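See structure below.
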Amino acid sequence: MATRRSPLARAQTAQVAAALTAAGHEVDLLELVTTGDRWSAADSAATPDRGMFVKELEQALLDGRADLAVHSAKDLPTELPPGLAVVATPARADARDVLVGASALDDLAAGARVGTGSPRRQAQLRSVRSDLEVVAVRGNVGTRLDLVDRGDVDALVLAAAGLARLGVTRGDVTHLPEDVCTPAAGQGILALEGRSDDAAVRAALHVIDHAPTRLCLDVEREVLTRLGGGCFAPVGAFCRPDGEHVVLTVFRASDADAGDAVRVSLTAHRDRAASLVDDAVAALAVAP
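The number in this note's numbering is simply the position in the sequence shown, starting from 1, with 179 added.
In structure tokens:
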């Protein structure tokens with residue numbers, strides 16, 4: 180099982196490995212450093228590449244060094260290399276973003292420095308609080324938390340799932356609702372990628388595959404495909420089950436300044452989940 184070496188990636192992979200081990204499977208780990216890891220650690224203004232956090236793991240699958248790779252689904256490009264597929268998705272964790280360092284966005288003073296490296300989060304922060312100073316930050320979760328603890332920033336926006344998987348508990352964490360900060364497509368989901376023709380791996384993963392999560396991931400990734408977004412685009416897409424229905428919320432802006440930010444939320448029966456993407460894209464096209 181291939182994984183990145185970051186603390187969060189290791190925690191996510193350990194979660195999957197534990198579930199497979201409990202089901203009677205033997206798991207060995209292959210830790211790799213990705214292009215994204217090197218970019219995140221470097222003091223560089225270089226433009227990030229789509230797929231930079233997964234390419235080395237995918238190569239390990241293609242050349243047979245690994246049978247499975249564990250990704251944060253939001254890092255996975257919508258188009259996968261030939262011969263690879265998302266072969267399982269465990270049940271989704273909390274998909275929301277959280278504000279760290281303040282009890283609410285409204286409690287931050289004008290001019291407060293809020294750190295996030297995500298254009299999606301930057302755009303949504305600016306759309307609700309244009310008086311904040313949004314500061315681009317990067318690095319692993321621990322590095323970012325150090326920024327708020329040292330006072331380099333007044334607050335951070337991070338993924339709730341990342342904090343939970345790392346076992347981070349703090350008293351200054353506030354969850355942001357989806358109509359304030361719509362999550363990234365796939366946020367909170369682990370995408371297990373493998374070779375398309377590896378029936379044995381697919382069979383082994385059946386015990387941890389979660390159909391409702393896969394349905395929502397497919398919807399969210401199709402939104403990205405239709406809007407031309409990736410993990411570095413100011414686009415959010417969040418699909419959640421609601422009984423027999425699914426609710427899809429989509430946020431889009433042309434850039435992180437959010438001058439033309441639009442958000443729509445639509446509901447359909449789960450049997451119409453695929454067509455819900457058409458409805459959302461059409462609604463975005465006519466939104467003021």
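Glycine included, C-beta positions come from ideal geometry on N, C-alpha and C. Treat the numbers as computed from the prediction; the structure is a model and nothing was measured.
Beta-carbon contacts of residue i that lie in its chain and below 6 Å, excluding the five residues immediately before and after
i, result
"aspartate 246", "Val380"
"aspartate 388", "Ala267"
"valine 460", "Arg405"
"glycine 341", "Leu187, Val320"
Proximity to residue i [Cα-Cα], best of the options
i, options, result
"leucine 259", "Met231, Ser297, Ala461", "Met231"
"leucine 241", "Lys253, Ala252, Ser251, Leu263", "Leu263"
"alanine 272", "Ala447, Ala412, Cys418, Asp358", "Cys418"
"valine 336", "Ser185, Gln301, Gly350, Asp286", "Gln301"
"glycine 438", "Ala193, Pro298, Arg275", "Pro298"
"alanine 464", "Leu384, Gln303, Arg431", "Arg431"
"lysine 253", "Gly415, Leu342, Arg374", "Gly415"
Residues bridged to residue i [DSSP beta-bridge criterion]
i, result
"phenylalanine 430", "Gly415, Arg442"
"serine 309", "Looking at the DSSP assignment, serine 309 forms no beta bridge with any residue, so it has no partner."
"alanine 267", "Leu371"
"threonine 392", "In DSSP, threonine 392 forms no bridge with anything."
"glutamate 210", "Thr182"
"histidine 424", "Asp421, His448"
"valine 314", "Gly294"
"alanine 435", "Paired residues: none, contrary to the question."
Collapsed DSSP secondary structure at residue i in the structure displayed
i, result
"histidine 204", "coil"
"serine 297", "coil"
"aspartate 216", "helix"
"arginine 472", "What the structure shows of the chain is the stretch from 180 to 467, and residue 472 is not part of that stretch, so it cannot be assessed."
"leucine 337", "strand"
"arginine 183", "strand"
"threonine 404", "helix"
"serine 454", "helix"
"methionine 284", "The amino acid occupying residue 284 in the given sequence is leucine; methionine does not appear at that position. Residue state, collapsed to three classes: helix."
"serine 223", "Note on serine 223: pLDDT 49, under 50, position unreliable in the model; no value is reported."
"valine 277", "strand"
"valine 233", "coil"
"alanine 464", "helix"
"leucine 384", "helix"
"threonine 192", "helix"
Assumed close pair residue i, residue j - CB separation to whole angstroms, cut-off 8 Å
i, j, result
"alanine 334", "glycine 296", "That belief does not hold up - the Cβ atoms of alanine 334 and glycine 296 are roughly 14 Å apart, past 8 Å."
"proline 362", "arginine 449", "Not confirmed; about 19 Å, so no contact."
Spatial neighbours of residue i in its chain, beta-carbon cut-off 8 Å, leaving aside the 5 residues before and after
i, result
"alanine 319", "The sequence given here has asparagine at residue 319, not alanine. Within the same chain, asparagine 319 has close Cβ partners Ser185, Pro186, Leu187, Ser219."
"leucine 287", "Ala281, Val293, Arg308, Leu311, Asp333, Ala334"
"valine 316", "Gly294, Thr295, Gly296, Arg323, Leu326, Val332, Leu335"
"valine 456", "Val398, Glu401, Val402, Arg405, Leu427"
"aspartate 358", "Thr428, Arg442, Ser444"
"threonine 182", "Ala188, Arg189, Gln191, Thr192, Leu208, Leu209, Glu210, Leu211, Leu236, Ala248, Val249"
Contact set for residue i: own chain, Cβ-Cβ below 7 Å, skip 5 residues either direction
i, result
"alanine 462", "Val443, Leu445"
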